[in-house]
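Reviewing the structure listed below.
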Amino acid sequence: MSNFFLQALSEVGSPSVMGLIILGVLFGIVGGSIPGFTVTMAILVVFPFTFAMDPVSGVSLMVGVFVGGYSGGIVSGVMLGIPGTPSSITTVYDGYPMAQKGEPGRALGIGVMASFLGTIISVAVLVFFGPLIASFSMNFRPWEITALIIFALTLVAGLSNGALLKGLLAGALGLLITTVGYDRNSNLRFDFDLPALSSGFEMLPVMIGVFAFSQLLGNIEKMRDGNDGGKGVDTNVSIPYRQIMKDMAGQKLNTLRSSLIGSLIGALPGTGGTVANFVSYDQAKKFSRHPETFGTGTPSGIVASEASNSAVAGGAFVPTLALGIPGDLPMAIMMGVLILHGITPGPMMFEQNPVLVGAIYASLLIGAVVMVLCNLLLVRWFAKISLIPQQILVPVVLMLCAIGAYALNNNLFDIWVLFIFGVIGYLLWKAGVPLTPLILGVVLGNNLERQLFRALELDPNWLTFLTRPLSALFLILAVASVAFSLYQDRKLKRLKPATNN
Amino acid sequence: MLTLTKDRALALALLLMVAVMWVESGSIRPPTSWQPYGSALFPRILLVTIGLLSVLMLIRSLFTRVTPVASWRTEISDWFTRRKTVVALFVMFGLYAALLPLLGYIVATISFLVASFALLLGVDTKRKWVINLSISCTFVPLVFVIFRYGLNVWLP
Numbered sequence: 001m002s003n004f005f006l007q008a009l010s011e012v013g014s015p016s017v018m019g020l021i022i023l024g025v026l027f028g029i030v031g032g033s034i035p036g037f038t039v040t041m042a043i044l045v046v047f048p049f050t051f052a053m054d055p056v057s058g059v060s061l062m063v064g065v066f067v068g069g070y071s072g073g074i075v076s077g078v079m080l081g082i083p084g085t086p087s088s089i090t091t092v093y094d095g096y097p098m099a100q101k102g103e104p105g106r107a108l109g110i111g112v113m114a115s116f117l118g119t120i121i122s123v124a125v126l127v128f129f130g131p132l133i134a135s136f137s138m139n140f141r142p143w144e145i146t147a148l149i150i151f152a153l154t155l156v157a158g159l160s161n162g163a164l165l166k167g168l169l170a171g172a173l174g175l176l177i178t179t180v181g182y183d184r185n186s187n188l189r190f191d192f193d194l195p196a197l198s199s200g201f202e203m204l205p206v207m208i209g210v211f212a213f214s215q216l217l218g219n220i221e222k223m224r225d226g227n228d229g230g231k232g233v234d235t236n237v238s239i240p241y242r243q244i245m246k247d248m249a250g251q252k253l254n255t256l257r258s259s260l261i262g263s264l265i266g267a268l269p270g271t272g273g274t275v276a277n278f279v280s281y282d283q284a285k286k287f288s289r290h291p292e293t294f295g296t297g298t299p300s301g302i303v304a305s306e307a308s309n310s311a312v313a314g315g316a317f318v319p320t321l322a323l324g325i326p327g328d329l330p331m332a333i334m335m336g337v338l339i340l341h342g343i344t345p346g347p348m349m350f351e352q353n354p355v356l357v358g359a360i361y362a363s364l365l366i367g368a369v370v371m372v373l374c375n376l377l378l379v380r381w382f383a384k385i386s387l388i389p390q391q392i393l394v395p396v397v398l399m400l401c402a403i404g405a406y407a408l409n410n411n412l413f414d415i416w417v418l419f420i421f422g423v424i425g426y427l428l429w430k431a432g433v434p435l436t437p438l439i440l441g442v443v444l445g446n447n448l449e450r451q452l453f454r455a456l457e458l459d460p461n462w463l464t465f466l467t468r469p470l471s472a473l474f475l476i477l478a479v480a481s482v483a484f485s486l487y488q489d490r491k492l493k494r495l496k497p498a499t500n501n
Numbered sequence: 001m002l003t004l005t006k007d008r009a010l011a012l013a014l015l016l017m018v019a020v021m022w023v024e025s026g027s028i029r030p031p032t033s034w035q036p037y038g039s040a041l042f043p044r045i046l047l048v049t050i051g052l053l054s055v056l057m058l059i060r061s062l063f064t065r066v067t068p069v070a071s072w073r074t075e076i077s078d079w080f081t082r083r084k085t086v087v088a089l090f091v092m093f094g095l096y097a098a099l100l101p102l103l104g105y106i107v108a109t110i111s112f113l114v115a116s117f118a119l120l121l122g123v124d125t126k127r128k129w130v131i132n133l134s135i136s137c138t139f140v141p142l143v144f145v146i147f148r149y150g151l152n153v154w155l156p
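Protein sequence lines correspond, in order, to chains A and B. Start counting the first sequence at 1; every next residue gets the next number (UniProt numbering). Start counting the second sequence at 1; every next residue gets the next number (UniProt numbering).
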C-alpha cells in the first residue's frame, strides 16, 4: 500500500492537481462561510467541473471542497453569529462571544487550528480502519450486502428527528426512482411510453434537484420571513498567532477526544458533522474543569466543535470507501462522483484502485494544510464573502445546477429531470419529509436490487437472509434502529402540543 | 368535515402514485424460466412498502389533533400567496429549461439571471439594476468560457 500511496502522492503533488486542491479548498471555505449554502451545496456546484477530468484530478478537487467546506462554517459562525453549515452550530456558542469581546482573530485562529488537527487525526483513522473494514467486508456475499444496505437506509430514516415514517417513505421513494428505465435484464420499466424515460433518471440531476431546490428556496423563504441574519460586521481581523499557539497547547486532550468523536460519528451512517458537533461539545463541557465558561467564549468550546466537525471528513470516507455505503449527504454525493468517474466504491476498491484510494488520503492531508494557510491568510476576505446575500446567490447557484445537469451527458432532458425533482423535493421538504434517506435510496437502489436478486438466484430461499449470521445481524440491527426511533418519536410526541401536520 | 393537513395530503398523493405505478407495472415483461423473479418484483415490493407506510401515515394523521381551518381552498390559496416568490422562481426555472434549446445558453441564461435578480433584489433603484446586469453579463460568459474552452463541454 505504501508504494501506491507514494505513487498517489506524486500524482496529487503535480502542479495541476495541487492547483485544483487549492481551488477546491478555497471554494469549500467560501461555500461553508456563506450561511445557508452548506458543504453539500458547494460539492454539488463543483461536481460538474470534474466531468472532463481524470479520476485523480476530479476526486482531489472534490476532497479539497470537502475539507474546506467543513472548516468554512467557522467564519460566519464567529463573525456573524450564524453557523455557515449545520455542523458548526456549536462553534457559534463560544466563537461569537469571543469575537464580541474583541477577539475575532483569536476565535478564528483557534477554530482553524482545531479544524486542521481534526482533519489530520481523521485521516489517520481512515488510513488505519479503511483497509481493515474493507478486508473484513471482502467476505460479504449478496445476502450480507442486501441486509447492510437495508440497515443503512433504516438507520438514516430513523435519525430523521421525529419523522421515522416519513424517513422510511423517503428511503423507499429513493429506491423506487432507480427502477425507472431498463433494468438488469434489459426489460423496460415505468417508461410511460416516453422514450426519454427508457434510460432512467441520471443520479446527479435527481440528487441536485431534490437537495438544491429545497435548500435554496428554503433560504429564500427564511429571508422573506426576516430571518436573513445579515447584519453589519467588522471584517478587519488580525490573527494573534502566539496567543493561538498558547491556547492550542492547553487543548491537546480536548483536540484528540473531539477528533476521535468526529471520526467515529462520521463513520456511522446518517450522522455526520451536526451530531459530531453536539456530542463533542457536550463531552468537552463534561470533562472540563470550568464547565461554566462554556458559551461565554472559551477556547475549549471552539476546539471541541471545530476539531469534531472537520474530523467527520476522514471518518465519513471509511464506510463509503470500504463498504460502498455513504454515511451522509455529502458522502452520498461524493460516491456519485466516484461512480460517474467509473469507480465503484466498496471492498474491491482498495485492490482495484489503490492509487485512487491513496490519492484521497493524500488530498485530505494536502487539503488540510492548504485549508490552514488559506484560512489564516485570507480570513478577512472570507468574512466579507460570507456577507453575500441570498438574493444574489440563489439564481447563480440554480443556473450552475442546470449547467451541471446538462453537462453530464450534454442532454437537455437532464435539466427537466432537475426541475421536476426540484419541485418534488421542495414539496416533500415542505411536508416534513427528510430528504437524506431519499438521496441515499437513489444512490443505493441499483446495488440493492442487484444484490437481492443475486442472492435469490444463488439460493431461492428467502429465509437464507436470516440463517446467515452477518446478514441476520444487519437485519436485526435494522429492526432495532426502527424500534428505537419509534420509541424516540413517542417521547418527542409527548412533548409536542397540537400541530398542523 | 376532515381538514386537509400536510400528512393527509402527502399520504393521499403517495397512494395515488402507488396506484398509477402498480397499474403501469402490469406492462413490465412477466417472469420467464431464466428470469424467475421478473423485473416487476422489486418495484412492486417498493410500491407495497410505500403504500403500507402511506396508509399508516393516513391512519396516524386521523388520530392527531389539528387546528381547524376555514376551508382547504383558502388554505391552498394562502399557501401559494405566502410562497409567491418561490413559485415565481420555479416558473422562471421551468421557462429557462424550455427556452434553453431555442435561445441558446448565453441569451437564455442571461435572461433567467436578470429576471431572477429582478424578482429577488427588486428593481426600484439604479444601483440594483447595475448589480443585476453586471453579475448576469459577466458571470454567464465566464461560465461559458470555462466549460467550452477549459473543460471541452459544449453548452447549447
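All residues carry an ideal CB built from backbone N, CA and C; glycine is no exception. All of these numbers come straight from a predicted model, not from anything done at the bench.
> With Ser263(A) and Gly315(A) assumed to form a contact (beta carbons below 8 Å), what rounded beta-carbon distance in angstroms separates them?
Replying inline: Between Gly315(A) and Ser263(A) the Cβ distance is about 4 Å, and since that is below 8 Å, they are a contact.
>> My assumption, with CB atoms under 8 Å, is that Phe211(A) sits in contact with Leu44(A). Please give the rounded CB distance.
In response: The Cβ separation is near 7 Å, so the contact holds.
> Taking Cβ-Cβ distances shorter than 8 Å, what residues in chain B pair up with Glu292(A)?
Replying inline: Near Glu292(A) there are no residues of chain B at all, since even the closest Cβ is about 41 Å away, more than 8 Å.
> Thinking just about the alpha-carbon of each residue, which of Thr146(A), Ala134(A), Pro205(A) and Leu188(A) is nearest to the one in Ser198(A)?
Replying inline: Comparing alpha carbon positions, the residue from Thr146(A), Ala134(A), Pro205(A) and Leu188(A) closest to Ser198(A) is Leu188(A).
> Which residues, in order along the segment 25 to 42 of chain B, keep a beta-carbon less than 7 Å from a beta-carbon of chain A?
Replying inline: Within the segment 25 to 42 of chain B, the qualifying residues are Ile28, Arg29, Gln35, Tyr37, Ser39 and Phe42.
>> Rounded to whole angstroms, what is the Cα-Cα separation between Met21(B) and Leu47(B)?
In response: Cα-Cα distance, rounded: 8 Å.
>> Give me the residue from Gly181(A), Gly158(A) and Leu153(A) with the minimum Cα distance to Leu172(A).
In response: A small fix is needed here, since residue 172(A) is Ala in this sequence, not Leu. The residue with the shortest Cα to Cα distance from Ala172(A) is Leu153(A).
>> Cβ closer than 8 Å: which chain A residues qualify as neighbours of Val145(B)?
In response: Those do not exist, as Val145(B) stays about 13 Å from chain A at its closest Cβ, beyond 8 Å.
>> Here's the rule I'm using: 16 or more other beta-carbon atoms within 10 Å means buried, otherwise exposed. How should Gly297(A) be labelled?
In response: Its Cβ being crowded by 16 or more others within 10 Å, Gly297(A) is buried.
>> So if I threshold CB-CB distances at 7 Å, which residues from the segment 40 to 69 of chain A count as touching chain B?
In response: Within the segment 40 to 69 of chain A, the residues whose Cβ lies closer than 7 Å to some Cβ of chain B are Phe49, Phe51 and Ala52, listed in chain order.
> Between Gly445(A), Val78(A), Ile208(A) and Thr90(A), which lies nearest to Gln100(A) when the distance is taken from Cα to Cα?
Replying inline: Of the listed residues, the one whose Cα sits closest to Gln100(A) is Val78(A).
>> I need the straight-line Cα distance from Gly425(A) to Phe213(A), nearest angstrom please.
In response: Roughly 7 Å separates the two Cα atoms.
> Tyr96(B) CB to nearest chain A CB: under 8 Å?
Replying inline: At a cut-off of 8 Å between C-beta atoms, Tyr96(B) counts as an interface residue with respect to chain A.
> Is Gly109(A) closer than 8 Å to Ile239(A) when the C-beta atoms are compared?
Replying inline: The answer is yes: Cβ separation under 8 Å.
> Along chain B, which residues have their Cβ under 8 Å away from the Cβ of Thr179(A)?
Replying inline: When 8 Å is used as the limit between beta carbons, Thr179(A) is near these residues of chain B: Phe42, Pro43 and Leu46, in chain order.
>> In whole angstroms, give me the CA-to-CA distance for Gly229(A) and Leu400(A).
In response: Caution applies to Gly229(A), whose pLDDT of 48 falls short of 50 and renders its modelled position unreliable; the model cannot decide the point.
>> If you reduce the DSSP assignment to three classes, tell me which class Gly181(A) lands in.
In response: Strand, per DSSP.
>> Using a Cβ-Cβ cutoff of 9 Å, what residues of the segment 391 to 403 of chain A are near chain B? List them in chain order.
In response: Correct list: Gln391, Ile392, Val394, Pro395, Val396, Leu398, Met399, Leu400, Ala402 and Ile403.
>> If you measure between the beta carbons of Pro345(A) and Thr320(A), is that distance less than 8 Å?
In response: Remark: C-beta atoms of Pro345(A) and Thr320(A) approach each other more closely than 8 Å.
> When the cut-off is 8 Å and only beta carbons count, does Arg127(B) lie next to chain A?
Replying inline: Not an interface residue.
>> Taking the alpha carbon of Gly69(A) as the reference point, which residue from Ser57(A), Phe51(A), Phe37(A) and Ser60(A) has its own alpha carbon closest?
In response: Selected option, being the one with the closest Cα: Phe37(A).
> Apart from the five residues just before and just after Phe129(A), which ones in its own chain have a Cβ nearer than 6 Å to its Cβ?
Replying inline: Only Val318 meet the Cβ criterion.
>> Looking only at its chain, what residues have a beta carbon closer than 6 Å to the beta carbon of Leu168(A), apart from the 5 residues adjacent to it on each side?
In response: If we look at Leu168(A) and ignore the five residues flanking it on each side, its Cβ neighbours are Ala157.
> For Gly336(A) versus Val443(A), is the C-beta spacing smaller than 8 Å?
Replying inline: Yes, the pair counts as a contact, with Cβ atoms nearer than the cut-off.
> Closest Cβ-Cβ distance between Ile415(A) and chain B: below 8 Å?
Replying inline: So, interface residue.
> How about Leu4(B): is its C-beta nearer than 8 Å to some C-beta of chain A?
Replying inline: Chain A contact via Cβ: absent.
> Hey, would you say Ala383(A) sits closer than 8 Å to Val75(A), going by beta carbons?
Replying inline: Taking 8 Å as the Cβ cut-off, Ala383(A) and Val75(A) qualify as a contacting pair.
>> List, from N- to C-terminal side, the beta strand (DSSP E) runs of 3 residues or more that fit wholly inside the segment 89 to 136 of chain A.
In response: The qualifying runs do not exist here; there are none.
> If you count every other CB in all the chains shown that lies within 10 Å of the CB of Asp78(B), and 16 or more means buried, which is it?
Replying inline: That one is exposed.
> Taking Pro131(A) as the reference, which of Gly95(A), Phe27(A) and Gly358(A) has the closest Cα?
Replying inline: Nearest option by C-alpha distance: Gly358(A).
>> Please report the distance separating the alpha-carbon of Arg148(B) from that of Leu155(B).
In response: Between Arg148(B) and Leu155(B), the C-alpha separation is close to 7 Å.
>> Here's the rule: buried if 16 or more other CB atoms are within 10 angstroms of the residue's CB, otherwise exposed. What is His341(A)?
In response: Burial of His341(A) is indicated by the presence of at least 16 other C-beta atoms within 10 angstroms of its C-beta.
> With 8 Å set as the bound, which would you pick, yes or no: does the beta-carbon of Val86(B) sit closer than that to a beta-carbon of chain A?
Replying inline: Taking Cβ atoms only, chain A reaches closer than 8 Å to Val86(B), which makes this a yes.
>> Using the three-state DSSP reduction, which class does Leu323(A) fall into: helix, strand or coil?
In response: Three-state DSSP puts Leu323(A) in a helix.
>> Run through chain A and tell me which residues come within less than 7 Å of Trp154(B), C-beta to C-beta.
In response: Ordered by position in chain A, the residues that pass the 7 Å Cβ test against Trp154(B) are Asn410.
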